[in-house]
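Structure first, then comments.
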Amino acid sequence: MKGMVFTELLDMVEEKFGINMVDSIIADADLPVSKGVYTAVGTYPHEEVVSLVMQLSKHSGIAPDELLKIYGEHLFGRFHGAYPQFFHGATDAFGFLSSIDQYIHVEVRKLYPDAELPHFECERDGDTMKMIYSSSRHMEDFAEGLIRGCLKHFNETATISRESISDDTSVFTLTRG
Ligand code: HEM
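The following block contains the structure:
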């Protein structure tokens with residue numbers, strides 16, 4: 000995964016839990032490639048994010064799935080600051096979310112050719128939208144956090160439900176209200 004996923008995670012941990020928590024999770028996590036040192040432009044194994052989140056869960060008592068949602072929500076806010084160009088012309092959450100696969104992640108791939116990105120297929124029907132997520136990395140909780148962050152950004156509310164339909168595919172159903 001791209002280094003910014005790690006640097007932003009550690010920034011968030013410092014902000015919400017303090018610098019000692021950053022030191023503790025880096026010391027206890029299994030980080031064979033990075034050895035706990037990340038640069039925004041580097042690329043590191045996906046397993047290192049999982050290991051850091053597991054340690055954060057152990058030290059904080061918060062479940063890993065909840066931590067990934069909190070992180071996704073936090074990261075969406077950072078994306079807005081870092082990539083304002085992707086938000087031009089976006090007026091609502093459903094419109095923005097349905098542009099991830101065909102536009103946003105396409106542009107992300109141009110910036111970072113080795114990015115590991117999921118697939119999203121969106122089907123809109125009035126106040127309901129289905130997002131079919133496929134990724135071998137299984138970052139559904141992180142995706143749900145990003146969706147939450149997106150709704151918050153556009154000042155919208157929606158219920159989010161999720162169903163796994165195959166080994167690497169889940170469907171999110173968002174209902175506005
Ligand atoms: C401005 C908006 C966005 C930007 C700049 C962006 C960028 C990125 C980047 C850089 C990665 C990491 C790739 C890697 O480490 O190799 C990523 C992964 C991911 N993105 Fe986005 N993204 C955006 C919006 C979203 C939204 C709204 C969702 C919500 C559903 C989303 C879902 C994901 C997921 C789930 C992954 C993890 C990889 C996987 O599941 O296989 N992204 N994105």
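Taking numbering that gives the first Met the number 0, I'd label the letters of the sequence shown as residues 0 to 176. Just so it is clear, CB atoms sit at the ideal spot from N, CA and C, and this is done for glycine as well.
- Listed as beta-bridge partners of Cys121 by DSSP are Met130.
- In the structure shown, the three-state DSSP call for Thr38 is coil.
- Among the bridge pairs identified by DSSP, Lys1 is matched with Thr42.
- In this structure, the beta-carbon distance from Cys121 to Ser160 does not fall below 7 angstroms.
- Contact annotation: Met20 and Val32 have beta-carbon atoms that are not nearer than 7 angstroms.
- For Arg175, the enclosing beta strand (DSSP E) stretches over residues Thr168 to Arg175.
- The closest CA to that of Ala157, considering only Gly148, Ser163 and Ser165, is found on Gly148.
- In the structure shown, Ser50 adopts helical secondary structure according to DSSP, grouped into three states.
- In terms of Cβ geometry, Ala89 and Gln54 do not form a close pair [threshold 7 angstroms].
- Lys1 has its CB nearer than 6 angstroms to a heavy atom of ligand 1.
- If you draw a straight line from the Cα of Leu8 to the Cα of Gly17, it is about 13 angstroms long.
- Here Pro44 has Val32 as same chain residues with Cβ atoms under 7 angstroms from its own Cβ, once five neighbours each way along the sequence are excluded.
- In this structure, the CA atom of Asp126 is about 15 angstroms from the CA atom of Phe153.
- Closest in alpha carbon position to Ile24, among Phe119, Arg77, Ser59 and Asp166, is Ser59.
- Relative to ligand 1, the nearest heavy atom lies less than 6 angstroms away from the CB of Pro117.
- For Glu155, the three-state secondary structure derived from DSSP is coil.
- With at least 16 other beta carbons inside 10 angstroms of its own, Leu51 counts as buried.
- Your pair Gly71 and Leu145 checks out as a contact, with CB atoms roughly 4 angstroms apart and the cut at 8 angstroms.
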